[in-house]
Structure formats: C-alpha cells, structure tokens
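For the sequence shown, position 1 (counting from the first letter as 1) is numbered 2 according to the numbering used here, and the numbering increases by one without interruption.
Using N, Cα and C, we set each Cβ at its ideal position, and we do this for glycine too.
Structure first, commentary second.
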Amino acid sequence: MKLLVTGGAGFIGSNFTHHWVKKFPQDKIVVLDKLTYAGDTDNLEEILAKIHFIKGDVCDKKLVEKLAGNSDTSVHFAAESHNTRAEKNPEIFYQTNVEGTRAVLEAAKKMRVKKIIHLSTDEVYGSIEKGFFKEEDADNCLPSLTADYPKSKALADKLAREFAQKGLPIIVVRPTNNFGPRQHPEKALPRYITNIFLGQKMPIWGEGLQVRDWLYVKDTCRALEILIKKGVPGEVYNIAANNQPEIKNREVAEILCQILKINPKEWIEFVPDPRPNHDFRYSILAEKIRALGWQPSLDIQKQFQQTVEWYRQNPTWWQKRKAEAEKLY
C-alpha cells in the first residue's frame, strides 16, 4: 500500500505514522506537513529513514495533486485544531481546514485515489446536556456551532460528504478528545503535566465541570487502521472511548495528582474560564466502528500514567514548546 499522510508530523498524524510503519513496514508512506508550531520532524525522528517526508502546505493544490498521484490511500490529518488560537486568527482555520480539505479531495478525485480518510472531530456536534450524538446528527448541529474551529471542521465534513455523493471513496472519522505522546502543551492534559514538572499549579477553567470523552491516541490509530482496511466508503464513523463514569476536567487533574502522588489542594488552581461559550459536555456513540471489531483500551488510569511517563522522559521535546503555548493564556 502507498499512503499519503497529510499533517503527519503533528500529534495524531505522527502517532498514526509510527503505528503504520511498525505494523506495515513494507508499505510506502509519504508525509506532507507544513511544519507549523504544532508539526515537527522531531515527532518522526525514529522513523524518518523509513518514510518520505515533504515540507509543504496542504493548500498547495499542485503539490497535493502530485503526491496523490503516487498514492492509493490518503489519510488527511492536516488541520488547525486549537480553539483559543481560532479566536485570535480564525482565517487560518478556514483556510487550512476547509480549503486544505478541498485540495486533498480534488486531488484524490483527479488521481483516482482508492480510499480517503478524513479526520474530523466530535466538536462538530457541539455540546449535549444528556445522551449521545450519532453520526447522522452532525448536519442538524452545524447552525448552532459558534466557535470557529468546530465550524471550520463541520464545513470540511460537508465538503467531504458532497464529494462522497459524487462517488469519491471517502470516509469521515470523528474521534473524541485524544491524548497521549507528542501532544503539544497548549492542550489541557500535557499543559497540566508539564506545569507540574515545572513546579506550577494546574489551571482549571471555571469549576472544572466540563465533560470530555478521553480517547488514547493509540486507540485512535488502531481504529484508523481498521477503517482503512474495512471501512465503508461514504460512511461517517465516530470513535469514542465512552469513559464510564464520565470524566470532568477537574477529575483529570485529580487523576494526575494520584499518579504523581501529590496533593490536589496544593496543585490545582481554579481560574476564570476564558471562553464565554465554552461547550459543557461532549458525548457521541461509536457503535459503527465497534461493529468492525474495534474496542478502546478502557484502563484510562494506565493510559494517563503512560502519557505522564512519556513527558517525563522527553523534557527537551516539551520544554521548547512550553513558553509559546503559555502565551495563549
């Protein structure tokens, strides 16, 4: 198999590339990445000799078309993904997330790529007070989205489904809140972990009652493998751990305190929520991917522990990103 992986030097993209190289060393992988603040060849260091890396913009239609012509499968991760950055510079989110996706889809159509995996997010559904969203609910949710990041991803999904209706073999994938190795310290979990390593408190927004479904990135990679092998073109698949019981943001910090054997009262700090319309609860069903044989690894404590250990063992990696990330807040 010949894979084109856009955004393959970012968080989920690099974890997927590591997964695929280890599992299918005979396959040829081309990684396209612009190397913005969130993408770095550091994330691919151990496998750079086993892949073909190209620095470039997913919005460069000629480049994407050329690369698509030499692949039979495109896995599209390239995206801007941080809500706080979207508030400061929404234009780049629509450019990368919508127009970049358009470039990937048009190239795949022209070059007759056999399968396209488009990475979306559970944020396209918005918040839900009780129950779960299903894959078919997203279209009804789009008008109620207020933040630019989920709006841009929802518009990209709409594009993908339009291409699918015209016969392009594309699968839209909506995972929940990923965490694990190589996640930029702008995101909540690595921000908490690295703060502790620096002797600083974990800042919990508001009362910390927001609910997210925490999905280990290696579980996401296994799900993507299944979808590449067995997923039905034209379908949308949610990927969720469906944590039971549900985990509030303040409980994430408390779990970290347990792992690191520190006192929550001394290491947790409640601060005003900087997002006035902060979504309260995300929750989606993932029955379709489970029907294909995927199951999440449900030992969340162990996964958090492995994540803490990765950041402990890779201080140089996160230290050079930490200062820039904190400027957001």
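Exposure label - residue i; buried when at least 16 CB within 10 Å
i: residue 326; result: buried
i: residue 298; result: exposed
i: residue 38; result: exposed
i: residue 31; result: buried
i: residue 8; result: buried
i: residue 90; result: exposed
i: residue 279; result: exposed
i: residue 209; result: buried
i: residue 292; result: exposed
Simplified DSSP assignment, three categories, for residue i
i: residue 130; result: coil
i: residue 210; result: coil
i: residue 283; result: coil
i: residue 54; result: strand
i: residue 41; result: coil
i: residue 248; result: strand
i: residue 288; result: helix
i: residue 174; result: strand
i: residue 77; result: strand
i: residue 25; result: coil
i: residue 151; result: helix
i: residue 204; result: strand
i: residue 228; result: helix
i: residue 61; result: coil
Contact check, residue i vs residue j, beta carbons under 8 angstroms
i: residue 195; j: residue 328; result: no
i: residue 172; j: residue 240; result: no
i: residue 302; j: residue 250; result: no
i: residue 22; j: residue 75; result: no
i: residue 55; j: residue 33; result: yes
i: residue 3; j: residue 98; result: no
i: residue 175; j: residue 221; result: no
i: residue 238; j: residue 290; result: yes
i: residue 159; j: residue 234; result: no
i: residue 12; j: residue 223; result: no
Cα-Cα separation, residue i to residue j
i: residue 110; j: residue 169; result: 6 angstroms
i: residue 125; j: residue 151; result: 5 angstroms
i: residue 60; j: residue 27; result: 29 angstroms
i: residue 307; j: residue 166; result: 41 angstroms
i: residue 10; j: residue 130; result: 35 angstroms
i: residue 201; j: residue 46; result: 30 angstroms
i: residue 120; j: residue 78; result: 6 angstroms
i: residue 6; j: residue 267; result: 43 angstroms
i: residue 316; j: residue 310; result: 10 angstroms
i: residue 136; j: residue 43; result: 35 angstroms
i: residue 185; j: residue 319; result: 7 angstroms
i: residue 16; j: residue 312; result: 15 angstroms
i: residue 88; j: residue 296; result: 35 angstroms
i: residue 321; j: residue 304; result: 24 angstroms
i: residue 133; j: residue 252; result: 21 angstroms
**Q.** Contact between the region 142-157 and the region 255-262 (3+ Cβ pairs under 8 angstroms)
**A.** no
(Q) With three or more C-beta pairs closer than 8 angstroms as the rule, is the region 153-162 touching the region 127-145? (A) yes
(Q) Below 8 angstroms, how does it come out for the region 55-71 and the region 101-116: are there three or more Cβ pairs, yes or no? (A) yes
Q: For the region 43-52 and the region 76-88, state whether three or more C-beta atom pairs, one from each stretch, are separated by less than 8 angstroms.
A: no
Q: Kindly confirm or deny that the region 187-206 and the region 227-239 touch, where touching means at least three C-beta pairs closer than 8 angstroms.
A: no
Q: Could you tell me whether the region 268-275 touches the region 215-222, where touching means 3 or more Cβ pairs closer than 8 angstroms?
A: In the pairwise beta carbon analysis, the region 268-275 is classified as not touching the region 215-222: fewer than three pairs are separated by under 8 angstroms.
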